[in-house]
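What follows is a single structure, written as structure tokens, with notes after it.
There are 2 protein chains.
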Amino acid sequence: MITLRKPRIVILGAGYGGLMATTRLQKMIGVNEADIVLVNKHDYHYETTWLHEASAGTMHHDRVRYDIRDVIDRSKVNFIQDSVVEIKTEEKVVVLENSQIDFDYLVVALGGEPETFGIKGLKEFAFSIVNVNAARQIREHIEYQFANYNNEEEKRDERLTIVVGGAGFTGIEFLGELTNRIPELCHEYDLDFHKVRLVCVEAAPMVLPGFDPELVNYAVSQLERKGVEFMLGTAIKECTPEGILVAKGEEEVKEIKAGTVVWAAGVRGNSVIEKSGIEAMRGRVKVQPDLRAPGHDNIFIIGDSSLVINEEINRPYPPTAQIAMQQGEVCARNITAIIRNKTELESFKPDIKGTVCSLGEDDAIGVVYGKKVFGAKASFMKKMVDNRALLMIGGPSLVLKKGKFNIL
Amino acid sequence: MITLRKPRIVILGAGYGGLMATTRLQKMIGVNEADIVLVNKHDYHYETTWLHEASAGTMHHDRVRYDIRDVIDRSKVNFIQDSVVEIKTEEKVVVLENSQIDFDYLVVALGGEPETFGIKGLKEFAFSIVNVNAARQIREHIEYQFANYNNEEEKRDERLTIVVGGAGFTGIEFLGELTNRIPELCHEYDLDFHKVRLVCVEAAPMVLPGFDPELVNYAVSQLERKGVEFMLGTAIKECTPEGILVAKGEEEVKEIKAGTVVWAAGVRGNSVIEKSGIEAMRGRVKVQPDLRAPGHDNIFIIGDSSLVINEEINRPYPPTAQIAMQQGEVCARNITAIIRNKTELESFKPDIKGTVCSLGEDDAIGVVYGKKVFGAKASFMKKMVDNRALLMIGGPSLVLKKGKFNIL
């Protein structure tokens, strides 16, 4: 009797892309066809697109995450909780912090990292909304600033100033949540609402680049009405323990004192990619149409570390959950095809159903199936988008457990 | 027609003593007999004896306070929200931060202050459980330490160390609450419970001096079982931003690294007393039997800034809410008597009904009407003691609103 060694598929990362690939593979692949191994740093998946809520403190972080073992089929998928150190592409080995693992097929879905563009002090003194640990740290940091205010002989108003670097998707959504959270914090600590400053600093001359101007105007006026100050065309030159230094064009450098600085202006690919010698630009790999890394026929790269060009405008698609999940599905089908010795692989083509940007409770802007929406309707659509991600990965039971039903 | 000027009674402080004096005076004194003015820094009264719960985070600080205007009769009492700077005893004037006020009769019920005995760094780097602002700051400081832990490349276990200086009433009750709070915090921030240290440092050789030894043993073993480390006969030599330096007897000085240090070892009288030239020892005035300050026939001093000797053991009574409230009642009766031109004033004699020290949820030790109690029964008695204070100051409606009913 000859025992044929089954091929081993290893998926790195249980974010939107990795978890989607895993749940699709466990359905498509028979137990005798291949071994499936999922590696993730934590034993939970978190909704990256909800982290701004946990960071502002408007949603508890436990609502933002769920146990990975609740959505994987443990008879088919072997889950390893560990951090990835390096991929040895030639040896087909992934080095983890506590062990290493061989692979035949690899799905790299490790997610992005904040890009600080070499701005001095950002890494040391600014927060980034990157994971559950960071989100609850930001929430507690802001709350601690507010809790300290009334205890000091000399009141330091900058404790109540929050600077958000970047007016992209994350920055705007975080500001929207903060406008809901600040009145609660003022009530909690007996503080004057008018002493709080929410400042958004953006180097580009506009908010939410690429979005429809009418919707952008709506977003800006809604947030300004709730107290957000926008400083557009203004670059952060440095971050210090006291706040930030900014400059508008050629104007003189100015200091904004702030107890909290959150950097939400840039995402790059994962540094493991570069450490492993895979060709990339800022950690993002320009993948082949079938999602494989050029020169690596057994390595698929999906999610924030992959780069796919939008031919219509000849620019890369932004890294989003929507694209990561669609890539997860295509990648699962392609791996199944390879294992079954099919020669033709599917090409990935994003199907952008819509983009909705939240502006806090019951307000949002967006384009859904080509139609502009804003206000309560957009907010409803946003919640449906969030629920859809749960449905696709974990089915109806996960939607019931973790879904957003606080709809009008 | 001659308008006689009504005498003015001014009460400084709306703690247990001041608020009891006010509510009794407003019942006893007719509108035509005298004007009553109450001065307090905040527009709320807080339960000083519950602050350890708000500080640990086991009870929200809003449950620990109530609006002063809910318990005073505004047709009879004029409430001024301001801070007391100085009492000019000769001129019969109280200088406030924003104004000044004349008085004919004064009740000084300003409460105590932490006594740091000149230990270096305690004022700067240790917290004290002194008021609502401080309590929520301590709660948030501890939570912030726990929230930061997992975000640091190199884990600093001292972030999870809490040092309590002093094994008196406040220190022990605070430790009891912390033993309930720590498991919640570990769950909230995904931390290993065994990395947390609760250290109680006490210069005296025993816990809860003056308490029955059998009850003390029970308290120590219960707290030790829940993870508290006691360092008795050990003096805090210095507090630093990193923790504390301690020495046991003649032994070498040792460092305990700690993210949080709470000083709960000493109470002194109010510094306004000394600033006003009233004779005092550590801010406490050895009052006459009728509660008047020696040499000041129109100034009554009650609560933590008064000093009454327990003749049985020839030592001062400890500053407690029970004594402050009883003093408030006697002082109100004596002022009424003076205004009505009675010559005989009542002498204050504490009636110690009992003392119960909480050890966290559903556990306590105490002596009530001369009987030792511990465990759930003592915990029940403690809640009844707390409810009694509400009843005496604000009547049944305040008990219903703010009372403790989480009884077995």
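Listed in order, the protein sequences are those of chains A and B.
The first sequence begins at -8 in my numbering and counts up by one.
The second sequence begins at -8 in my numbering and counts up by one.
Cβ atoms here follow ideal geometry from the backbone N, Cα and C, with glycine treated the same way.
Your pair V364(B) and T346(B) does not check out as a contact, with CB atoms roughly 10 Å apart and the cut at 8 Å. In chain order, C191 place their CB closer than 6 Å to the CB of F221(B), counting only its own chain and leaving out the 5 sequence neighbours on each side. Collapsing the DSSP output to three states places I120(B) in coil. Looking from the CA of I343(B), the closest CA among E337(B), M316(B), I326(B), N332(B) belongs to M316(B). DSSP places H178(A) in the uninterrupted alpha helix (DSSP H) bounded by 160 to 179.
Around the Cβ of G361(B), a 10 Å sphere holds fewer than 16 other Cβ atoms; the residue is exposed.
Chain B places a beta carbon closer than 8 Å to that of E134(A), counting this residue as a contact. N332(A) has a beta carbon lying at 8 Å or more from every beta carbon in chain B. With a cutoff of 8 Å on beta-carbon distance, G103(B) and V258(B) are scored as near each other. For K228(B), the uninterrupted beta strand (DSSP E) segment begins and ends at 225 to 231. Taking 8 Å as the cut-off, the Cβ atoms of T152(A) and K248(A) count as close.
For the C-beta of R127(B), the chain A residues within less than 8 Å are, from N- to C-terminus, A138, E179, Y180. Of all alpha-carbon atoms in Y308(B), I293(B), W254(B), the one lying nearest the alpha-carbon of N325(B) is that of I293(B).
Counting every other CB atom within 10 Å of its CB across the protein chains shown gives H287(A) a total of 16 or more, marking it as buried. Contact check between the segment 274 to 287 of chain B and the segment 169 to 181 of chain B: fewer than three CB pairs, one atom from each, fall below 8 Å, which does not count as touching.
Using a Cβ-Cβ cut-off of 8 Å, E220(B) does not count as an interface residue toward chain A, since no Cβ of chain A sits closer than that to its own. When Cβ-Cβ separations below 8 Å define contact, E44(A) makes no contact with chain B. For A238(A), the enclosing beta strand (DSSP E) has its first and last residue at 234 to 239. Chain B places no beta carbon closer than 8 Å to that of N69(A), leaving this residue out of the contacts.
The Cβ of E131(B) sits closer than 8 Å to at least one Cβ of chain A.
Residue pairing by DSSP puts P307(B) in a beta bridge opposite I300(B). Within chain B, the residues placing a beta-carbon under 7 Å from that of N124(A) are N141, N142, ordered along the chain. Straight through space, the alpha carbons of G157(B) and I110(B) are spaced by roughly 13 Å. Secondary structure at F365(B): strand, using DSSP grouped into helix, strand and coil. DSSP places Q17(A) in the uninterrupted alpha helix (DSSP H) bounded by 7 to 19. Rounded to the nearest angstrom, the Cβ distance from F165(A) to H51(A) is 16 Å, too far for a contact under 8 Å. Proximity to E82(B) across Q72(B), F94(B), N69(B) peaks at F94(B), based on C-alpha coordinates. Per DSSP, reduced to three states, the secondary structure at Q279(B) is coil, with no helix or strand assignment. The criterion of a C-beta distance shorter than 8 Å is satisfied by F291(B) and L97(B). Ranking N23(B), A328(B), R172(B), R130(B) by CA distance to the CA of N139(A) puts R130(B) first. For T346(B), the uninterrupted beta strand (DSSP E) run begins and ends at 345 to 349, by DSSP.
Nearest neighbour of D148(A) by Cα position, chosen from V99(A), E233(A), D354(A), N289(A), turns out to be E233(A). A contact between stretches requires three or more CB pairs, one per stretch, nearer than 8 Å, and the segment 0 to 20 of chain A meets this requirement with the segment 63 to 83 of chain A.
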